[in-house]
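Accompanying notes for the structure given below.
Residue numbers (the numbering used here), protein chains in the order written: chain S, 1283 to 1659; chain L, 1283 to 1659.
In structure tokens form, the structure reads like this:
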């Protein structure tokens, strides 16, 4: 049972769709499928922009979203308050971009005022792009993309968003907010195994493409866009993952965006309430809590011991901390194909695990009760 | 029924393996799986070199295999006698490499003497790498990699090989020949759907990595190598395709390399004999015939009409020609999970199709008979 922030659980219809015999990717059948998939992706992104599909991880999509629209020496502003924000800074430097970071401590949200100050100071308009991680998977912090984006719009730079664990978990209204580049991955809100990555591209970003000179070929997005207009791909697509994507988007459309976002919000609140009822300190405040993942920093019991017992005894996979948070936090994923029952299951198992490990700072049943009240509230 | 050069047919155990629920990619279970997969890949490549797995198409692997070991301005020699050779020239130029092409007409093999002359003329050793497509999928021509490689070895440049439709179809003895970089893709000889790509890297190539300066991040192979040494990956791997790969490698190991290569050779000869018995001109000579694909250039009947009837009436997918060969040739794939029965089926259906289209330049049954004799010979 996967309660990690990816791979996330995959529904049976999606698994079975992936077990179908592949079809030729230059066939009419595949084009018909791709047309429906593209329409579904635009619906999920709330956009009329291109939404392109790559055979890659989310990192590949984010890199593509950066390098297609910039040239060596271009100045970029990168938000860094966790492992993924840090990574986009590394990508920027690997390509010789003039990289200025806006940082916050891991577990704290980026301060939109820091972006405002840096952008207002840039009267020469040297900053070509602002790169922001929406939901920072490593810490469970949701950055205030809407406010940051407002400052970016006032400046005129491109905004490039890592929405890997926010897309499909909370609203990322690409057109309403005017997000230029939005990257995501299949093993997250999409309810699919890993292997596909997505990037939406605004007309303004395509304008920037025309003068961007960073080298690229496999990650050159123009041929993907030209292909998508004819329901085809520049390179052989992972057709079986497309079968799964088609099935997953149909399920998502049946559930509806509002219901999907409400479910993630409910599970986020239920999980947090349960941790509080168990007197386990949450890592990250309520007002910046990711809809996809809750990070917990236990004090009187080892995070890694909790994960170990949860896995061995109950076959429930929780995520650990990354880098300097390794051993200090554990993370509960509630992203994608997660039902309310799964939250109760995880909290029940966690209560038993805590008791087994000698932690007694809670009334037995308090976590399950707190979660249940919110789920049914 | 897929008789195209990828995606190729996928065996049921592989399809079912892919339909399993994903596991966490940072788990001990996944590491154990990856260890077995890596061992299987080294067996298939006949090498002790690194064999790295990317979430990408074969093009992504080939690009990675080029850009990790070169710097802008480096001189490279690229063999171009078809769509894929042409593509590697495009990749080289996209990254600012000083690109010299060795060309041959589509349908003809590259002449090893042309490589010899260019390499011998390069007394200053300016040429850093020679890039060769082994089996040119667009034309069904197998280039003489062994001889070309011998000339490269005499010079000292790196050799980078597109083995996308040769690996798993005929012997590509990486260590014996000293091939520095070998790229391939899952939807070919591997009997898998598309979505994974592979690249083997020699110690000599890793030496070149140290001074190579082309920008890269997702396609930076060093983190993949460091990860593989610990049975892990730098970015989220397509775990369900890994499940399939594990099952496919087990099947291949049961069959054995010699038997796999003999099967492809037998089917190649049977297919060519059938075309000759039907008086359909082969595109490409016997002594450079790919073990993966046979290209046919019919004269009195339209290639696209043949493909259309084969698809509509018999649900057999054949490939068409690409670029200037569009409408002029059709291509029969016999790569990966193709049995001798499939060859007879395709030839039978082709005979019926030809008759339906008014082509009468053959004795009914002659194609099937010729193929059968070779398959059972």
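Glycine included, C-beta positions come from ideal geometry on N, C-alpha and C. Bear in mind that the values here come from a model prediction, so they are computed numbers and not experimental data.
{"query": "Alpha-carbon to alpha-carbon, residue 1517 of chain S and residue 1527 of chain L", "result": "20 angstroms"}
{"query": "Nonlocal neighbours in the same chain, by C-beta distance under 7 angstroms from residue 1234 of chain L, ignoring five residues either side", "result": "Because residue 1234 of chain L is not part of the residues shown, which for chain L are 1283 to 1659, the question remains open."}
{"query": "Distance, residue 1356 of chain S Cα to residue 1408 of chain S Cα", "result": "8 angstroms"}
{"query": "Interface flag, residue 1530 of chain L vs chain S, CB-CB below 8 angstroms", "result": "no"}
{"query": "Distance between residue 1298 of chain L and residue 1624 of chain L (C-alpha atoms, nearest Å)", "result": "22 angstroms"}
{"query": "Rounded Cβ spacing between residue 1480 of chain L and residue 1343 of chain L (contact assumed at less than 8 angstroms)", "result": "6 angstroms"}
{"query": "Secondary structure of residue 1509 of chain L, DSSP reduced to three states", "result": "helix"}
{"query": "Per-residue DSSP class, three states only, for residue 1554 of chain L", "result": "helix"}
{"query": "CA-to-CA distance, residue 1384 of chain L to residue 1445 of chain S, given in whole angstroms", "result": "44 angstroms"}
{"query": "Residue 1522 of chain L at chain S interface by Cβ criterion, 8 angstroms", "result": "yes"}
{"query": "N-terminal and C-terminal residue of the alpha helix (DSSP H) that residue 1534 of chain S is part of", "result": "1521-1537"}
{"query": "Contact under 8 angstroms by Cβ, residue 1289 of chain S with residue 1476 of chain L", "result": "no"}
{"query": "Alpha-carbon spacing of residue 1450 of chain S relative to residue 1464 of chain S, whole angstroms", "result": "12 angstroms"}
{"query": "Contact set between residue 1377 of chain L and chain S, taken where Cβ atoms lie within less than 9 angstroms", "result": "1497, 1498, 1499"}
{"query": "Given 8 angstroms, three or more beta-carbon pairs between the region 1509-1516 of chain S and the region 1372-1380 of chain S", "result": "no"}
{"query": "Reduced DSSP secondary structure (H/G/I, E/B, other) of residue 1649 of chain S", "result": "helix"}
{"query": "Chain L residues whose Cβ lies nearer than 8 angstroms to that of residue 1315 of chain S", "result": "Near residue 1315 of chain S there are no residues of chain L at all, since even the closest Cβ is about 14 angstroms away, more than 8 angstroms."}
{"query": "CA nearest to the CA of residue 1426 of chain S, picked from S:1453, S:1410, S:1403", "result": "S:1453"}
{"query": "Check whether residue 1670 of chain S and residue 1447 of chain S have beta carbons under 8 angstroms apart", "result": "What the structure shows of chain S is the stretch from 1283 to 1659, and residue 1670 of chain S is not part of that stretch, so it cannot be assessed."}
{"query": "Pick from S:1595, S:1581, S:1600 that is closest to residue 1610 of chain S, judged by C-alpha positions", "result": "S:1581"}
{"query": "Per-residue burial, residue 1455 of chain L [other beta carbons within 10 Å of its own, 16 or more giving buried]", "result": "exposed"}
{"query": "Assigned secondary structure, residue 1595 of chain S (DSSP; H/G/I helix, E/B strand, else coil)", "result": "helix"}
{"query": "Where the alpha helix (DSSP H) containing residue 1300 of chain S begins and where it ends", "result": "1294-1300"}
{"query": "From L:1554, L:1506, L:1438, residue whose alpha carbon lies closest to that of residue 1405 of chain L", "result": "L:1438"}
{"query": "Through-space distance from residue 1531 of chain L to residue 1472 of chain L, alpha-carbon basis", "result": "8 angstroms"}
{"query": "Alpha helix (DSSP H) segment containing residue 1341 of chain L, residue limits", "result": "1340-1349"}
{"query": "6 angstroms Cβ shell around residue 1557 of chain L - same chain, five flanking residues per side excluded", "result": "1564, 1578"}
{"query": "Amino acids of chain S, ordered along the chain, whose beta-carbon sits closer than 7 angstroms to that of residue 1306 of chain L", "result": "1284, 1286, 1289, 1599"}
{"query": "CB of residue 1575 of chain S within 8 angstroms of CB of residue 1614 of chain S, strictly", "result": "yes"}
{"query": "Residue 1300 of chain S: contacting residues in chain L (beta-carbon distance under 7 angstroms)", "result": "1300, 1301, 1522"}
{"query": "Coarse secondary structure for residue 1628 of chain S, derived from DSSP in three states", "result": "helix"}
{"query": "Beta carbon proximity, residue 1586 of chain S to chain L, threshold 8 angstroms", "result": "no"}
{"query": "Contact set between residue 1484 of chain S and chain L, taken where Cβ atoms lie within less than 7 angstroms", "result": "Under the 7 angstroms cutoff, chain L gives no residues; its nearest Cβ is about 22 angstroms from residue 1484 of chain S."}
{"query": "Close-in-space but distant-in-sequence residues of the same chain around residue 1603 of chain S (CB under 6 angstroms, 5 per side omitted)", "result": "1610, 1611"}
{"query": "Proximal residues, the region 1318-1339 of chain L versus chain S, C-beta separation under 7 angstroms", "result": "1337, 1338, 1339"}
{"query": "Where residue 1633 of chain S sits in the DSSP three-state scheme", "result": "helix"}
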